[in-house]
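K.L.:
The structure follows.
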Amino acid sequence: GSVINASNPRSTIGQVLDHWAAARPGATALLDVHGRSLTFRELQVACLGLERQLKHRGLCDGDCIAVASSGSALAITMLTVCAFARCLPVDPSLASDDVANLVNRSGARVVLSDLHRSELARRSADTAGIPAWTLAQTATFGGLHLAGDRPLHERSRSRADGVPGPAAVAVVIATSGTTGRPKLIPLRHRHILSATAVLSSTLRLTERDRALAIVPFWFGQGFVSTLMASVFSGGSTICSDALDAIGFAS
79 GSVINASNPR STIGQVLDHW AAARPGATAL LDVHGRSLTF RELQVACLGL
129 ERQLKHRGLC DGDCIAVASS GSALAITMLT VCAFARCLPV DPSLASDDVA
179 NLVNRSGARV VLSDLHRSEL ARRSADTAGI PAWTLAQTAT FGGLHLAGDR
229 PLHERSRSRA DGVPGPAAVA VVIATSGTTG RPKLIPLRHR HILSATAVLS
279 STLRLTERDR ALAIVPFWFG QGFVSTLMAS VFSGGSTICS DALDAIGFAS
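This is how it looks when you write it as structure tokens:
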């Protein structure tokens, strides 16, 4: 059966992206609000390039990686990390101590951030005792270059390494914490793809559809119901850097 059939136990987020990069390499997958775009093949190349950089610096399959970013940079980074590790996307509006708390509880080995959130990442990483690396945009849209030379700490090898399967955790989402300490919710590949399969079927999403992402990807609704629903159906996503509810409504 098709690799994008969520009932297929072999399906992972990385396999779905690889499927569309092969089936529709020239189709638009990701756009920003300025109209710049990436095809599925270009998105795959961007993700593989970032994955090589992360692994070259010592990150391994199954590691947890915290990310403080937004828009297309966050989308690319999350898709990259999900392919071989676990991603903890953090709300950049949080205080550095709150981010450090989430990082410590998740077991993240590094905090990645864009240039605008580099100070937040540095402070929270220092508190958590791990390095912070910056994701710098290259001249080519979608290209991300890692900056920062603080090395990783050695980790325990008790967890089996290997490319994640459908049962592996892909994303760790932090709840808002309005009624207490934020909870960390692990979302597995099979859960995410099952949810996107139902959503795609219910909304009758096709390769011709385009979604406007106004809910940030550090919320499960933003990542699963917008970005992953589009990737699953072979459509495209417009990534906005921040939600301006009043401006959007007007």
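Going by the working numbering, the residue at position 175 of the sequence shown is 253; the numbering climbs one at a time, nothing skipped.
For every residue, glycine included, the Cβ atom is placed at its ideal position computed from N, Cα and C.
Between the region 174 to 187 and the region 201 to 216, do at least 3 Cβ pairs fall closer than 8 angstroms?
P.N.:
yes
K.L.:
In angstroms, rounded to a whole number, what distance separates the CA positions of Ser318 and Ala291?
P.N.:
6 angstroms
K.L.:
Check each candidate in Phe162, Leu190, Gly185 and Ser148 and name the one with the smallest Cα separation from Leu305.
P.N.:
Ser148
K.L.:
Could you tell me if Leu132 is buried or exposed, where buried requires 16 or more neighbouring beta carbons within 10 angstroms of its beta carbon?
P.N.:
Answer is buried; the Cβ neighbour count reaches 16.
K.L.:
Ala225 lies in the beta strand (DSSP E); which residues open and close that run?
P.N.:
For Ala225, the enclosing beta strand (DSSP E) starts and ends at Leu222 to Ala225.
K.L.:
Under a three-way DSSP split, which group does Cys160 fall into?
P.N.:
helix
K.L.:
Ignoring anything shorter than 3 residues, give me the beta strand (DSSP E) runs that lie fully in the region 141 to 191, in order along the chain.
P.N.:
Correct list: 142 to 146 and 164 to 167.
K.L.:
Please state whether DSSP places Ile251 in a helix, a strand or coil.
P.N.:
strand
K.L.:
Near Ala248, what residues of its chain come up, given a Cβ to Cβ distance below 8 angstroms and the 5 sequence neighbours on each side ignored?
P.N.:
Thr90, Ile91, Cys160, Arg164, Cys165, Pro242, Leu265, Arg266, His267 and Ile270
K.L.:
From Trp211 to Trp98, what distance separates their C-alpha atoms?
P.N.:
30 angstroms
K.L.:
Please confirm whether any heavy atom of the ligand SAH lies closer than 6 angstroms to the CB of Ile208.
P.N.:
Judged by which ligands are present, the structure shown has none, so any question about the ligand SAH falls away.
K.L.:
Could you check the C-alpha separation between Arg235 and Val189 for me, to the nearest Å?
P.N.:
Per-residue confidence for Arg235 stands at a pLDDT of 46, beneath the threshold of 50, marking its modelled position as unreliable; the derived number appears in the next sentence. Their Cα atoms are separated by approximately 20 angstroms.
K.L.:
Does Ala238 come out as helix, strand or coil in the three-state DSSP assignment?
P.N.:
Only weak support exists for where Ala238 lies, its pLDDT of 47 falling under 50; the coordinates are left without a value.
K.L.:
Under 7 angstroms, do Ala146 and Arg195 count as touching if we go by C-beta distance?
P.N.:
yes
K.L.:
Just mark Thr280 as buried or exposed, buried being the case when its beta carbon has 16 or more other beta carbons within 10 Å.
P.N.:
exposed
K.L.:
Tell me which residues share the same chain as Trp296 and place their Cβ nearer than 7 angstroms to its Cβ, disregarding the 5 neighbours each side in the sequence.
P.N.:
Pro167, Val168 and Asp169
K.L.:
What is the DSSP secondary structure of Leu116, reduced to helix, strand or coil?
P.N.:
Assignment of Leu116 by DSSP, reduced to helix, strand and coil, places it in the strand class.
K.L.:
Just mark Arg282 as buried or exposed, buried being the case when its beta carbon has 16 or more other beta carbons within 10 Å.
P.N.:
exposed
K.L.:
DSSP puts Cys317 in a beta bridge; with which residues?
P.N.:
Bridge partners of Cys317: Asp110 and Ala291.
K.L.:
Whose CA, out of Thr117, Asp110 and Leu198, lies closest to the CA of Ala101?
P.N.:
Looking at Thr117, Asp110 and Leu198, the one whose alpha-carbon comes closest to that of Ala101 is Thr117.
K.L.:
Where Asp139 and Glu285 are concerned, what is the direct C-alpha to C-alpha distance, given to the nearest angstrom?
P.N.:
31 angstroms
K.L.:
So, at 6 angstroms on beta carbons, what are the nonlocal neighbours of Gly298 in its own chain, with the 5 sequence-adjacent residues on each side left out?
P.N.:
Ile251
K.L.:
DSSP on Ile263, reduced to helix/strand/coil?
P.N.:
strand
K.L.:
Which same chain residues end up closer than 6 angstroms to Asp141 when comparing Cβ atoms and leaving out the 5 residues on each side of it in sequence?
P.N.:
Closer than 6 angstroms at Cβ, skipping near neighbours: Ala163 and Arg187.
K.L.:
Report the three-state DSSP secondary structure of Ala124 (helix, strand or coil).
P.N.:
helix
K.L.:
Can you list, in chain order, the residues of its chain whose CB lies under 6 angstroms from that of Pro294, leaving out five sequence neighbours each side?
P.N.:
Gly300, listed in sequence order.
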